[in-house]
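*Asks:* If you're matching positions, the sequence shown starts at 1 in this note's numbering and goes up one per residue.
Can you keep this structure in mind? I'll have questions shortly.
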Amino acid sequence: MSAASRRPESADPPPLDERPSKTRLKQAMHELQDLGEDLVRLPDSRFERLELPESLVTAVQDYKRTRSHEGRRRQMQYIGKLMRQIDPEPVREAVAEMKLGRAVDSLALHEAEQWRTELLADEAALTRWMADHPDSDAQQLRSLIRAARKDAAATPEQRSGRAYRELFQYLKGHLVADDAAPDEVS
């Protein structure tokens, strides 16, 4: 049976200017395949939350088990093919959330480091910290700062004493808690 005899007679092909070009179709397929690559890199906890067809879940699991380069390449093409059959938006959102989460975590670490440096260098920084974070325990924070300064004075070349790390963990904990609090209210 030829291809012409399989086509229904009533379905006219759309005009050429309404169809996407072959190049555009290939670009869309490559974008979905790239999204599939991001999908296999998602942590299992986030991957399981996505509502994906069983065939795609199996294909991703097979990809993770495959060790040969060529096998992984072909499996990724298959994942890209399966991605064309689903709505890619939930996958895009999960991947973006993962990437954004890493950036937010990194930003919180940098902010904690900056506060630690300021608190150790300047007495007035404690007042600024307490104004920004009134739920902090001022007495505990003062003792951590005092111990970190004492460690720094004892060994100026080694800034990673126990008190120095404890101060960082305390600051990071409060910064993360403050960032999470607005999300719980809304």
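For each residue, glycine too, the CB sits at the ideal point set by N, CA and C.
In this text, all values refer to a predicted model and were calculated from it rather than measured experimentally.
1) List in chain order: all unbroken alpha helix (DSSP H) runs of 4+ residues lying wholly within the segment 114-175.
2) Give every residue of the same chain whose Cβ lies closer than 6 Å to the Cβ of HIS133, excluding the five residues on either side of it in the sequence, and list them in chain order.
3) Report yes if the C-beta distance between GLN75 and ASP62 is below 8 Å; otherwise report no.
4) May I have the straight-line CA-CA distance separating GLY101 from ASP34, to the nearest angstrom?
5) Using the rule of at least 16 other Cβ atoms within 10 Å of the residue's Cβ for burial, across every protein chain shown, is VAL104 buried or exposed?
6) Pick from ARG146, HIS110 and GLU166: whose alpha carbon is nearest that of LEU126?
7) With distance defined between alpha-carbon atoms, name the residue in LEU109, LEU52, ALA108 and ALA177 nearest to ASP261.
8) Output the distance between the C-alpha atoms of LEU167 and ALA112, rounded to the nearest integer angstrom.
9) Which residues bound the alpha helix (DSSP H) around GLN77?
10) Using only the alpha-carbon positions, how far apart do ASP183 and LEU141 sit?
11) Which of the three DSSP states, helix, strand or coil, is assigned to GLU184?
12) Could I get the ranges of all uninterrupted alpha helix (DSSP H) runs contained in the segment 22-62, with 4 residues as the minimum, in chain order?
13) What does the alpha-carbon distance come out to for the pair VAL60 and ALA96?
14) Using alpha carbons as the reference points, say which of GLN85, LEU107, SER106 and TYR164 lies closest to LEU120.
15) Is ASP105 helix, strand or coil by DSSP?
16) Taking the alpha carbon of THR58 as the point to measure from, which residue in ARG73, ARG46, VAL40 and GLU70 has its own alpha carbon closest?
*Replies:* Short version:
1) 124-132 and 138-154
2) For the purposes of this step, residue 133 is identified with residue 133 of the sequence shown, where counting begins at 1. Excluding its 5 nearest sequence neighbours in each direction, HIS133 has C-beta neighbours in its own chain below 6 Å: HIS174, listed in chain order.
3) Here residue 75 is taken as the residue at index 75 of the sequence shown, counted from 1. Here residue 62 is taken as the residue at index 62 of the sequence shown, counted from 1. Yes, the pair counts as a contact, with Cβ atoms nearer than the cut-off.
4) Reading the sequence shown from its first residue, position 101 is the one you call residue 101. Reading the sequence shown from its first residue, position 34 is the one you call residue 34. If you take the alpha carbons of GLY101 and ASP34, they lie about 20 Å apart.
5) As a first step, residue 104 is located in the sequence shown; it is residue number 104 there, counting from the start. Counting Cβ neighbours within 10 Å, VAL104 comes out exposed, since fewer than 16 surround it.
6) Position 126 of the sequence shown, counted from the first residue, corresponds to residue 126. When only C-alpha atoms are compared, the closest one is ARG146.
7) Since the first and last residues shown for the chain are 1 and 186, residue 261 lies out of range.
8) Reading the sequence shown from its first residue, position 167 is the one you call residue 167. Reading the sequence shown from its first residue, position 112 is the one you call residue 112. Distance between the alpha carbons of LEU167 and ALA112 is about 9 Å.
9) Mapped onto the sequence shown, residue 77 falls at position 77. Where GLN77 is concerned, the enclosing alpha helix (DSSP H) starts and stops at 69-83.
10) As a working note, residue 183 is residue 183 in the sequence shown. As a working note, residue 141 is residue 141 in the sequence shown. Confidence at ASP183 is low in this model, with a pLDDT of 45, below 50, so its placement is unreliable and no value can be given for it.
11) Here residue 184 refers to the residue found at position 184 of the sequence shown. Unreliable placement is indicated for GLU184, whose pLDDT of 44 sits below 50; no coordinate value is reported for it.
12) 22-41 and 44-49
13) Along the sequence shown, read from residue 1 onward, the residue named residue 60 stands at position 60. Along the sequence shown, read from residue 1 onward, the residue named residue 96 stands at position 96. Using only the alpha carbons, I get a separation of about 19 Å.
14) Here residue 120 refers to the residue found at position 120 when the sequence shown is read from its first residue. Ranking GLN85, LEU107, SER106 and TYR164 by Cα distance to LEU120 puts TYR164 first.
15) On the sequence shown, residue 105 is found 105 positions in, with the first residue counted as 1. Note: ASP105 maps to helix in three-state DSSP.
16) Position 58 of the sequence shown, counted from the first residue, corresponds to residue 58. Among ARG73, ARG46, VAL40 and GLU70, the Cα nearest to that of THR58 is on VAL40.
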